[in-house]
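K.L.:
Could you have a look at this structure, given as structure tokens, before my questions?
This is the structure:
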């Protein structure tokens, strides 16, 4: 007879939201700027609220407001890392698990493929994943190469580097890079380049068919379909300044012959 419950060791892949100010108004404004107000941006990602870099802890935290804000963008908060002692009990009452500074950190990291070249001797400080500020664009970094297709539900984050995908990106998959994205196969799913604010990043593919593309927080979606001159064709996404000096996300065809 089968048991009504069974426990097995497993690993949960989780997004880290590294929060430096517990001010929900400022966080809401920053997230709107970063993500363009795009609801459900993260599509249900389990999320750890990381307070290891909190600059000043308030006397009280509006956990309900913070959880609501994160859920508005499709994040699903499950725990808080290194909460100040006086905020631990209120975090528990809000339904969050309490983690130490190092608990679960390895399983929460996004990179799943090693760079093809060694890291620089003196790298810049590692940018925070899902950070709520805009550090300088990456320089002098290695390139991550992904030799397998990305299937639906999979996500790759090329931290501080460009990424090259040789096998294509399926619908429902997501590729994120602090630098540029080069896809030598069908680019479906979501592609987010310049994730830490690098406006010179590009998204280049031999077969343009994505659900969403974004460069440095400026995004375009394709719910109404992709223009016939771009669909399935070699193309790249690039930020260009318009007449008013504002950055707009352009999708342009590529001539490979």
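Residue numbers (our numbering): 1 to 257. Just so it is clear, CB atoms sit at the ideal spot from N, CA and C, and this is done for glycine as well.
1. Tell whether a beta-carbon distance below 7 angstroms holds between residue 153 and residue 178.
2. I believe residue 176 touches residue 156 by the beta-carbon criterion, under 8 angstroms. Please report the beta-carbon distance rounded to the nearest angstrom.
3. Using C-beta distances below 6 angstroms, list every residue in its chain close to residue 190, excluding the 5 sequence neighbours before and after it, in chain order.
4. Under three-state DSSP, which class holds residue 29?
5. Among 239, 253 and 254, which has the Cα closest to the Cα of residue 247?
6. Which ranges would you report for the beta strand (DSSP E) in the region 194-252 if only whole runs of at least 3 residues count?
7. Do you know offhand how far residue 231's Cα is from residue 50's?
8. Going along the chain, which residues of its own chain have a beta-carbon closer than 8 angstroms to the beta-carbon of residue 99, five neighbours each way excluded?
9. For residue 16, does the three-state DSSP call read helix, strand or coil?
10. What whole-angstrom Cβ distance do residue 27 and residue 58 have, given they're in contact under 8 angstroms?
11. Using DSSP bridges, identify the partner residues of residue 56.
12. Hey, out of 158, 77 and 184, whose CA is closest to residue 167's CA?
13. How many angstroms separate the CA atom of residue 8 from the CA atom of residue 2?
P.N.:
Reading it off the structure:
1. Within the chain shown, residue 153 is the residue found at index 153, counting from 1. Within the chain shown, residue 178 is the residue found at index 178, counting from 1. Result no, Cβ atoms of residue 153 and residue 178 do not sit closer than 7 angstroms.
2. One-based indexing of the chain shown puts residue 176 at position 176. One-based indexing of the chain shown puts residue 156 at position 156. Correct: roughly 7 angstroms between the Cβ atoms.
3. Locating residue 190 in the chain shown gives position 190, where the first residue counts as 1. Taken in chain order, the residues that qualify are 174, 211 and 212.
4. Position 29 of the chain shown holds residue 29. If DSSP states are grouped into helix, strand and coil, residue 29 belongs with the helices.
5. Counting from 1 along the chain shown, the entry for residue 247 is found at position 247. Closest by alpha carbon: 239.
6. Runs of beta strand (DSSP E) with 3 or more residues, each lying fully within the region 194-252, are found at 203-208, 212-215, 218-221 and 235-241, listed in chain order.
7. The residue labelled residue 231 in the question sits at position 231 within the chain shown. The residue labelled residue 50 in the question sits at position 50 within the chain shown. For residue 231 and residue 50, the distance between alpha carbons rounds to 40 angstroms.
8. In the chain shown, the residue the question calls residue 99 occupies position 99. These residues qualify, in order along the chain: 48, 79, 80, 81 and 82.
9. By 1-based counting over the chain shown, the position of residue 16 is 16. The answer is strand: DSSP assigns residue 16 an E or B state.
10. Along the chain shown, one-based indexing puts residue 27 at 27. Along the chain shown, one-based indexing puts residue 58 at 58. The pair is not a contact, with the Cβ atoms about 12 angstroms apart (cut-off 8 angstroms).
11. Position 56 of the chain shown, counted from the start, is the residue given in the question as residue 56. Note: residue 56 sits in a beta bridge opposite 21.
12. Working through the chain shown from its first residue, we reach residue 167 at position 167. Taking only the C-alpha atoms, the option nearest residue 167 is 184.
13. The residue given as residue 8 occupies position 8 in the chain shown. The residue given as residue 2 occupies position 2 in the chain shown. Approximately 15 angstroms between the Cα atoms of the pair.
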